[in-house]
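As structure tokens, the structure follows; a few thoughts come after it.
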Amino acid sequence: MPSPALLREIKGLLVSELNLAGKDPATIADDGPLFGEGGLGLDSLDALQIAMLVEEHYGVRVPEGDEARPIFRSVATLAEFIERSKAQ
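Note that numbering that gives the first Met the number 0 gives residue 18 to position 19 of the sequence shown, counting from 1, and the numbers run on in steps of one.
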């Protein structure tokens with residue numbers, strides 16, 4: 000499981016950088032979907048923006064295309080990817 004500090008930081012970045020007005024980062028579930036039904040209502044443009052944020056804030060490049068889908072499943076999968084990539 001990723002560190003709680005990283006999870007909180009990612010949630011804060013998503014809310015502030017993706018202009019999720021009125022969304023409290025603390026209410027975003029670690030394992031909740033970022034896209035689709037029951038998710039945050041994000042779209043493909045948001046995915047590109049998240050990839051740029053990850054590279055800018057964490058120095059980690061997110062793969063493109065289908066390889067990125069599992070990474071963007073939730074805040075937890077995104078955090079796990081960041082931690083795994085930084086450990087290499």
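Cβ atoms here follow ideal geometry from the backbone N, Cα and C, with glycine treated the same way.
Being a predicted model, the structure only gives us computed values, none of them experimental.
For residue 78, does the count of other Cβ atoms within 10 angstroms reach 16, so buried, or fall short, so exposed?
buried
Apart from the five residues just before and just after residue 54, which ones in its own chain have a Cβ nearer than 8 Å to its Cβ?
60 and 61
Is the separation between the beta-carbon of residue 5 and that of residue 70 shorter than 8 Å?
no
Check the C-beta distance from residue 24 over to residue 10 and give it rounded, since I have them as a contact under 8 Å.
4 Å
Does DSSP put residue 32 in a helix, a strand or coil?
strand
What does residue 12 pair with, by DSSP beta-bridge criteria?
None; residue 12 has no bridge partner.
Tell me whether residue 2 sits in a helix, a strand or coil according to DSSP, three-state version.
coil
Secondary structure at residue 41, three-state DSSP: helix, strand or coil?
strand
Which partner residues of residue 73 appear in the DSSP bridge assignment?
Partner(s): 32.
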